[in-house]
Structure formats: structure tokens, C-alpha cells
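Colleague: After the C-alpha cells below, expect a handful of questions from me.
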């Protein structure tokens with residue numbers, strides 16, 4: 001009698017990942033995360049004939065957004081993949097793993113490198129085959145589209161509320177408290193301090209003496225308790241913090257809605273005349289400090305621009321036509337080897353500088369850059385320091401307008417490592433320097 005030979009299927013180790021964006025309901029005995037895991041376990045059980053087995057390890061993120069990778073559960077899962085401990089990741093829906101196309105592409109690249117597949121319980125596909133990968137890309141595109149639509153609606157809703165004079169949240173400022181109705185309420189003691197600071201600036205006509213006076217009086221920035229119970233703010237005044245206070249339209253009783261200012265529901269602390277006087281002095285001082293720049297033509301990006309294709313530096317140059325000055329950044333390869341050696345060797349200086357300036361102003365809104373700065377400062381494990389640092393980065397935008405040219409030039413030198421210009425693709429890539437940003441923040445705190 002001939003014996004039948006059989007080969008057991010190789011076990012497919014399946015890691016179940018679950019996520020919910022908010023913490024609401026997670027204290028229930030059977031919550032959303034439990035439901036996701038139960039559905040995934042049932043799916044794995046249906047594939048038992050293929051050798052699928054669910055790993056006992058829990059990879060879960062409750063109360064974390066899928067818009068970034070700053071989640072302990074996903075990081076634990078990816079480490080397991082890198083250690084070749086997982087053969088397949090199972091989720092309830094693909095957006096549980098990530099809502100970012102860029103992050104998802106990086107995850108899939110890692111999975112392919114370690115021969116690990118990805119399966120969604122409710123969206124039938126498997127990245128082991130080409131059709132599954134196509135389906136995944138289509139679903140991801142729609143998930144990203146949905147996320148952007150939600151973000152646009154949220155922004156529109158905020159702008160609409162601000163146009164009605166409503167305060168829509170954010171860090172509280174000196175002079176106001178946040179009432180139980182989530183509206184700004186006057187803090188009379190702090191309002192007196194705010195008025196004194198404005199009067200001091202009108203008297204001294206300079207920021208530094210006012211900073212020194214604030215420290216002599218023991219005046220601090222607004223202190224408050226965050227939603228998580230952490231004590232925030234309450235810091236000594238420095239130049240950026242003082243600029244922010246002296247230029248904040250909230251003190252006029254107004255709310256900024258996009259590029260417009262509308263009458264707010266909260267009472268004013270500073271009258272129009274005083275605010276206008278301070279603004280005039282700030283503008284005058286900024287112009288008068290503008291004489292000392294890197295060169296007489298103010299090449300903001302000198303020494304920072306490089307051709308992405310050749311690696312050659314781009315030098316600042318100019319030409320005159322009549323009384324008009326035209327500034328350019330030119331590839332040094334063209335100057336050394338001839339213009340025919342490189343395409344697109346010259347760029348208008350004002351266009352590149354405007355693009356870079358806009359990116360600097362938006363540093364406080366760049367989540368990847370924020371993460372890099374936090375890593376540079378080891379602030380991840382210190383929540384209070386983390387929130388204070390993010391608040392400081394957010395102050396770059398309002399402070400830029402108040403800086404003299406030489407101050408702006410030094411800021412650019414500190415925060416930017418290199419700028420790569422790709423003339424063929426028409427792209428500009430800015431490499432920020434997290435350590436320089438940290439240095440700048442330290443100087444601001446000193």
C-alpha cells in the first residue's frame with residue numbers, strides 16, 4: 001500500500017492592528033478597538049487552511065490620528081516587521097493603518113522589503129498580488145481625498161465662525177481667560193499688565209528695554225492648564241513673545257479671519273489709537289534697522305542654494321537696466337564651464353526668496369519639521385516642554401514681519417541647511433536644520 005505524502009502549510013504569522021482617532025468610548029467593556037480585533041480574528045480564522053495564525057501581541061492605538069506616524073502601536077508593529085516577526089498585517093479598514101498617502105507608501109515599502117503582506121477585512125484585497133496593490137492605491141487615494149475634504153470643511157467652518165467674531169480656540173493670551181462657554185472673557189488684572197506693556201513700548205520706542213522692564217516687574221506670559229491637566233505658559237518675556245503681544249489684533253477686540261479683521265465678541269483691551277501708534281513705531285524701527293545686511297543687494301539665500309542635478313552652488317548676481325535692479329541666482333557651473341553645460345542656470349532671486357520665506361513662516365505648521373525639532377531636543381517624553389516648543393515654533397510667522405533684514409538673514413542661516421533647485425522638474429526642496437531652530441528658540445528664551 002502506497003503511503004500518501006502531505007506537506008503542512010507554513011504558518012502565516014498575522015499581526016492585528018487597531019486604531020481609533022479619539023478616546024471617547026474606549027473605557028467601555030467592549031469598545032471599537034475590541035470590535036476591530038474581533039473582526040480581524042474571525043477573518044484570520046477563515047484563512048486557517050492557508051496556515052494563518054493570529055499573533056497574541058497587541059498592536060493598538062486608542063486616541064491617535066492616522067494622519068501621522070507618531071503612534072506607539074504602529075511603531076511597535078513596524079519594529080516587529082523589521083525583526084521579521086510578522087508575515088501579514090490585518091486591519092479592519094485600510095485607513096486604520098494610515099490616512100496619509102506618503103506614510104502608507106513608506107509602510108508598504110517596508111513590508112515589501114521584509115516580505116510581509118497587508119490585508120483589510122472589509123476591503124477584500126491582498127498586497128501579495130498586483131490587483132491587490134492596484135486596489136490599495138485606489139482606496140488610499142480616496143482616503144486621502146476624503147481627509148483633505150474634511151480638512152477644507154473644517155478650515156471653512158473656522159473662517160466662517162471668525163467672520164462672525166467668534167473665538168475658535170488656540171492658546172489663550174495674556175489679558176483674557178477662556179470661559180465655560182468657550183468664549184474669551186476679560187481678565188482685569190492681566191489687562192492692566194497688557195496696557196502697561198503697550199505704554200512702555202510707546203515710551204521707550206524699542207523692544208529690548210520693554211523686555212527688561214517686564215522681567216524687572218516679574219511679568220510673565222499667559223499661564224493656563226491644558227485639557228490634559230498640564231501647566232502651560234507662564235514664561236518670562238523675550239523679543240518674539242513681546243512682538244506677538246504688541247501685534248495681536250485680539251487686543252483691539254478683533255478676530256483674524258483669513259486676511260481680514262472682524263469685530264470680535266470679546267471686549268478690547270487696547271484702543272485703536274494706542275495700537276496704531278505701536279504699529280507705527282514697530283514699522284519705523286524695522287526700516288531703520290535695515291542697513292546692515294549681508295551685502296548691499298540683500299542676497300537672503302547666499303551660500304544656501306545648490307543645483308539638485310549637479311551639486312554646484314548657485315551664486316547671487318544682478319544686472320541694471322536704467323534705474324531698475326534685477327537680481328538672480330546663477331549656477332556656478334555655468335560661470336565656470338559655460339551656459340551650455342547646464343539648463344535653467346539662472347533664476348529670479350525674488351521668486352525663490354519669496355518661496356523660501358513663505359516656508360519659513362509656515363514652520364510652525366509643518367508636522368514633519370516639528371517632529372524633527374522635538375527629536376533634536378529630546379522633548380517627546382516631556383509633554384510640557386513639547387507643547388511649549390511647538391508654541392514657540394508657531395510664533396515664527398507673526399515675528400517675521402517685525403524683523404529687520406539682518407535679523408531675517410541670520411534666521412535663514414540658522415534654520416536652513418541647504419536649498420536644492422531642480423530646474424527640469426521646476427521644484428525647490430528646502431532642507432531645514434532642526435538644531436538651528438533649537439538654537440534660535442534657546443536664544444529667544446534667554
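In the UniProt record's numbering, the protein residues as written are 1 to 446. Ideal Cβ placement from N, Cα and C applies to all residues, glycine included. Every value quoted in this text rests on a predicted model; they were computed, and no experiment measured them.
1) Taking 8 Å as the threshold, find out whether the region 235-253 comes into contact with the region 268-277 through three or more Cβ pairs.
2) May I have the straight-line CA-CA distance separating residue 294 from residue 322, to the nearest angstrom?
3) Can you tell me whether residue 318 is helix, strand or coil according to DSSP?
4) Count the other CB atoms, across all protein chains shown, that sit within 10 Å of the CB of residue 78; report buried if there are 16 or more and exposed otherwise.
5) Could you check if residue 10 is buried or exposed, using at least 16 other CB atoms within 10 Å of its CB as the buried criterion?
6) Taking residue 116 and residue 14 to be in contact with their CB atoms under 8 Å, please state how far apart those CB atoms are, rounded to whole angstroms.
7) For residue 166 versus residue 260, is the C-beta spacing smaller than 9 Å?
8) Which class does residue 417 belong to by DSSP, given the choice of helix, strand or coil?
9) By Cβ distance below 8 Å, which residues in the same chain neighbour residue 179 in space, the five residues on each side in sequence not counted?
10) What is the DSSP secondary structure of residue 331, counted as helix, strand or coil?
11) According to the Cβ coordinates, are residue 111 and residue 91 closer than 9 Å?
12) Can you give me the start and stop residues for the alpha helix (DSSP H) that residue 35 sits inside?
13) Anyone know if the C-beta pair for residue 278 and residue 237 falls short of 9 Å?
14) Shortest alpha-carbon distance to residue 306 belongs to which of 109, 329 and 150?
15) With distances taken from CA atoms, which of 421, 218, 61 and 56 is nearest residue 85?
16) Among 226, 219, 225 and 229, which has the Cα closest to the Cα of residue 241?
17) Can you list, in chain order, the residues of its chain with a C-beta nearer than 6 Å to that of residue 419? Leave out the 5 residues immediately preceding and following it.
18) Taking the alpha helix (DSSP H) that residue 121 belongs to, which residues open and close that run?
19) Can you list, in chain order, the residues of its chain with a C-beta nearer than 7 Å to that of residue 263? Leave out the 5 residues immediately preceding and following it.
20) Looking at the unbroken alpha helix (DSSP H) that takes in residue 214, where does it start and where does it end?
21) Locate the beta strand (DSSP E) running through residue 307, then write down its first and last residues.
22) Which of helix, strand or coil does DSSP assign to residue 10?
23) For residue 70 and residue 76, what's the separation of their Cα atoms in angstroms?
24) Please work out which residues of its chain come closer than 6 Å, Cβ to Cβ, to residue 53, disregarding the five sequence neighbours upstream and downstream, and give them in chain order.
25) Does DSSP classify residue 400 as helix, strand or coil?
Modeller: So, from the data block:
1) yes
2) Its pLDDT being 43, under 50, residue 294 is placed unreliably by the model, and the measurement read from it follows with that caveat. Answer to the nearest angstrom: the Cα atoms are 24 Å apart.
3) Residue 318: strand per DSSP, three-state reduction.
4) buried
5) exposed
6) Residue 116 to residue 14, Cβ: 10 Å. No contact.
7) no
8) Three-state DSSP puts residue 417 in a strand.
9) 185
10) strand
11) The answer is no: Cβ separation not under 9 Å.
12) Boundaries of the alpha helix (DSSP H) around residue 35: 32-46.
13) No; because the gap between Cβ atoms is not below 9 Å, this pair is not in contact.
14) For the residues 109, 329 and 150, the minimum Cα distance to residue 306 belongs to 329.
15) 56
16) Comparing Cα positions, the closest option is 219.
17) 304, 305 and 430
18) Element bounds for residue 121: n/a, residue is neither H nor E.
19) 165, 253 and 254
20) 207-217
21) 305-307
22) It is coil, neither helix nor strand.
23) 11 Å
24) In its chain, beyond the 5 residues on either side, 11 have a beta carbon closer than 6 Å to the beta carbon of residue 53.
25) It is helical.
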